[in-house]
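Counting from 257, one number per residue, gives the positions in the sequence shown under our numbering. Idealized CB from N, CA, C, for every residue including glycine.
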Amino acid sequence: DEKRKAILPRLAESMARRLVEKEEALGQYSAETRLLCLKALEVQSKWEEMLQIVEALPGSDNEKKNAPSEFGVPLTHHQVLVEKANLMKKLSRSESTRLVYEELLKEFPDDWSCW
Numbered sequence: 257d258e259k260r261k262a263i264l265p266r267l268a269e270s271m272a273r274r275l276v277e278k279e280e281a282l283g284q285y286s287a288e289t290r291l292l293c294l295k296a297l298e299v300q301s302k303w304e305e306m307l308q309i310v311e312a313l314p315g316s317d318n319e320k321k322n323a324p325s326e327f328g329v330p331l332t333h334h335q336v337l338v339e340k341a342n343l344m345k346k347l348s349r350s351e352s353t354r355l356v357y358e359e360l361l362k363e364f365p366d367d368w369s370c371w
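Written out as structure tokens, the structure reads:
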């Protein structure tokens, strides 16, 4: 049972990464596939790998665009920035975390989760 708990997240990560690579090769984009990959990495506490995926999403920089999706569920610029800030906090990157939260507060001053 413990063996399964260790293997399943790695298997899910591998499958999700393959889907991401296939989509990239076809020039497609699916927010759902990225979210699946992020969830598999989160279970394994792979914060650095998660941050790489989040930073590659449209909307993670100053574009302010929603990350499109083939299936119709976009990731908003706000969602991407909040996830980025949370990951940077887990990686103890205080200065980078502060900058992302400042950006969030400038754009979304009513979002109390960022205060």
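Quiz item: Under the rule that 16 or more other beta-carbon atoms within 10 Å means buried, what is I263, buried or exposed?
Solution: exposed
Practice problem: Look up L282 in the DSSP assignment and give the residues it is bridged to. | Solution: For L282, which the question treats as bridged, DSSP gives no partner whatsoever.
Quiz item: How close, in whole Å, do the beta carbons of T289 and E305 come, if the pair is a contact with beta carbons under 8 angstroms?
Solution: Wrong, their Cβ atoms sit about 15 angstroms apart, outside the cutoff.
Quiz item: On the three-state DSSP scale, how would you describe L331?
Solution: strand
Exercise. Take L360 and list the residues in its own chain whose beta-carbon comes closer than 8 angstroms to its own, dropping the five residues that flank it on each side.
Key: Only H334, L337, V338, A341, D367 and C370 meet the Cβ criterion.
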